[in-house]
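> In our numbering, the protein residues as written are 9 to 185.
Ideal Cβ positions, reconstructed from N, Cα and C, are used throughout, including at glycine.
Encoded as structure tokens, here's the structure I'll be asking about.
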């Protein structure tokens, strides 16, 4: 699990690290990078990616502000294709298709499996009714859907991390429409 976090950190922030100054300077002054050995658990680009059996990752995020509600639903497919639907006040629906790097989808699938997503409960919430509607997650694995609803961020933190990862991947998509 530790190497997964290192890989995600490198992928999501590598451009800043390679071009930034302060942290890179500290790293270079405190660690002789040329003497570091590759961790035995590290993957190479030539390694065959494991099949986690995950074909679809879905995320629905409703938000309401001053009586106006917008719901964004995203489906991320195993091949890197995406579908996004945005609905405003149960009225206007905007549908977009796009794609992302397949390796990002693989890392997201690996995080889902390693985080124990399939062992989590279906609903997490608090006894309140005045908060944002719940975020809904869906993962299709081996033909079966596993749903999770997170109301008021009551789910374990790993679900918040999953939401952030999904939103990051969607932000990197190339949209066709």
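Is it the case that the segment 129 to 147 contacts the segment 54 to 69, given that we only count it when at least three CB pairs across the two stretches are under 8 Å?
yes
> If we call anything under 8 Å between Cβ atoms a contact, is residue 170 one with residue 120?
By one-based count along the chain shown, residue 170 stands at place 162. By one-based count along the chain shown, residue 120 stands at place 112. Cβ atoms of residue 170 and residue 120: closer than 8 Å.
> Evaluate residue 35 with the Cβ neighbour count: other Cβ atoms within 10 Å of its Cβ, from every protein chain shown; 16 or more gives buried, anything less gives exposed.
Within the chain shown, residue 35 is the residue found at index 27, counting from 1. Residue 35 is exposed by the Cβ-count criterion.
> Could you tell me whether the segment 85 to 105 touches the segment 149 to 160, where touching means 3 or more Cβ pairs closer than 8 Å?
no
> In three-state DSSP terms, what is residue 126?
Here residue 126 is taken as the residue at index 118 of the chain shown, counted from 1. Residue 126 falls in the helix class under three-state DSSP.
> Is the CB-CB distance between residue 108 and residue 181 below 8 Å?
Against the chain shown, residue 108 aligns to sequence position 100. Against the chain shown, residue 181 aligns to sequence position 173. Going by C-beta atoms, residue 108 is nearer than 8 Å to residue 181.
> Residues in the same chain with beta-carbon distance under 8 Å from residue 188, minus the five sequence neighbours each way, listed in chain order, please.
No answer is possible for residue 188: the residues shown for the chain start at 9 and end at 185.
> Along the chain, where does the alpha helix (DSSP H) that runs through residue 37 open and close?
As a first step, residue 37 must be located in the chain shown, where it is residue number 29. Its alpha helix (DSSP H) spans residues 30 to 38.
> Could you pull the start and end residues of the alpha helix (DSSP H) that residue 172 belongs to?
Here residue 172 is taken as the residue at index 164 of the chain shown, counted from 1. Residues 165 to 179.
> Counting only the same chain and skipping the five closest in sequence on each side, list residues whose C-beta sits under 7 Å from that of residue 168.
By 1-based counting over the chain shown, the position of residue 168 is 160. 161, listed in sequence order.
> So, at 7 Å on beta carbons, what are the nonlocal neighbours of residue 129 in its own chain, with the 5 sequence-adjacent residues on each side left out?
Position 121 of the chain shown, counting from 1, holds the residue named residue 129. The answer is none, since no qualifying residue turns up.
> Inspect the beta-carbon positions of residue 186 and residue 76 and report whether they are closer than 8 Å.
Nothing can be reported for residue 186: it is not among the residues displayed for the chain, which extend from 9 to 185.
> Since residue 125 and residue 163 are thought to touch, with beta carbons under 8 Å apart, how far apart are those beta carbons, to the nearest angstrom?
As a first step, residue 125 must be located in the chain shown, where it is residue number 117. As a first step, residue 163 must be located in the chain shown, where it is residue number 155. About 10 Å; that fails the 8 Å criterion.
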